[in-house]
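A.B. asks: Please find one structure pasted underneath; my questions will follow.
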Amino acid sequence: MLISKIVSPTYVDGPGQRTAVFLQGCSIRCQGCQNMHLWQAGGGVNVAAADLAEKLVATGLPITITGGEPFDQAGELAQLLRLLCAAHPQPHVIVYSGYTFEQLAERGGDVAHALRRADVLVDGPYIAKQDAPGMQYRGSANQRAIHLPATLAQGTVVTLDWNTPEIIITFDGGLLGATPVMTEFQDLGIVADTRRCGQTK
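All letters in the sequence shown, in the order written, are residues 337 to 537 by my numbering.
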């Protein structure tokens, strides 16, 4: 599996403290993408799915798979998710994709296997005009946080509410939140920009 890096812990790539793996290669290439360096499939490091699963499980944290475009490596993604579920009965996995759920649902095969083993799909391309300072856990407002088990069971898209602003207290006592929320707390100390959701740097 071609990956760029693993970030652990992270508080911005989905709710709570998580481990995020950034996959290398993206065929979608959204205009305004913050990770253009992940577009080329020739970069990154090739890691066996079993080795990657072992590293992710060892962190003891819920997992976010992002990129790049995870479904450009659908076979490896399905294998990774199978290994994660085998190693931990409830790993809680979020997968970010530039494809919509509807596009992925039509593809079957490895894509269908991956969708059945993930908990949340954040779907849709990044649209710069729909980005906003208050956006959390997503790049633009068109992207949906889809509860996959409920969606697949009910046959209709079930979304999670990721619009309610959150403030996260990190283990070192720091506060994290979207810019409009954090301005209310600037009297408590230094306010600084951090890595955004999905950003590698």
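Cβ coordinates follow ideal geometry from the N, Cα and C atoms, glycine included.
These figures come from a predicted structure and were not determined experimentally.
Taking 8 Å as the cut-off, decide whether the C-beta atoms of D459 and T436 are in contact.
C.D. replies: yes
A.B. asks: Considering only residues of the same chain and omitting the five flanking positions on each side of D446, which have a CB-CB separation below 6 Å?
C.D. replies: A410, G411 and A414
A.B. asks: On the premise that R354 lies in contact with L397, defined as a C-beta separation below 8 Å, what is that separation, rounded to the nearest angstrom?
C.D. replies: 5 Å
A.B. asks: Relative to the C-alpha of L484, which residue among F407, L451 and A423 is closest?
C.D. replies: L451
A.B. asks: At what residue ranges does the region 380-435 contain a whole run of the alpha helix (DSSP H), taking only runs of 4 or more?
C.D. replies: Look at the region 380-435 and you find these whole runs of alpha helix (DSSP H), each 4 residues long or longer: 385-394 and 410-423.
A.B. asks: Could you give the first and the last residue of the continuous alpha helix (DSSP H) run that contains H449?
C.D. replies: G445 to R453
A.B. asks: In terms of alpha-carbon separation, which member of T487, T500, S476 and L488 lies closest to C366?
C.D. replies: S476
A.B. asks: What is the residue span of the alpha helix (DSSP H) that P485 lies within?
C.D. replies: L484 to Q490
A.B. asks: Below 8 Å on the Cβ atoms is my guess for I339 versus Q360; work out the distance and round it to an integer in Å.
C.D. replies: Between I339 and Q360, the beta carbon gap of about 6 Å places them in contact (Cβ cut-off 8 Å).
A.B. asks: Once the 5 residues before and after P461 are set aside, which same chain residues still bring their CB inside 7 Å of it?
C.D. replies: By the criterion of a C-beta distance shorter than 7 Å, P461 is surrounded in its chain by I364, C366 and G434, once the five residues flanking it on both sides are discounted.
A.B. asks: What does the Cβ neighbour count give for Q479, buried or exposed, with the cut at 16 atoms within 10 Å?
C.D. replies: buried
A.B. asks: Taking the straight line between their C-alpha atoms, what separation do you get for E442 and D508?
C.D. replies: 44 Å
A.B. asks: With a CB to CB cut of under 6 Å and the five nearest residues on each side skipped, what residues in its chain are close to G379?
C.D. replies: Q360
A.B. asks: Pull up the CB-CB distance for A454 and L416, whole angstroms please, since I reckon it's below 8 Å.
C.D. replies: Not a contact, Cβ separation roughly 10 Å.
A.B. asks: Within a Cβ cutoff of 7 Å, which residues of the same chain sit near Q466, ignoring the five residues on either side of it in sequence?
C.D. replies: S476, A477 and N478
A.B. asks: Use the C-beta contact count for D408: other C-beta atoms within 10 angstroms, 16 or more gives buried, fewer gives exposed.
C.D. replies: buried
A.B. asks: Between the Cα of C362 and the Cα atoms of T402, G352 and I505, which residue gives the shortest distance?
C.D. replies: In terms of CA proximity to C362, T402 leads the group T402, G352 and I505.
A.B. asks: Closest to L496 by C-alpha separation, out of I482, P427, F358 and I505, would be which residue?
C.D. replies: I482
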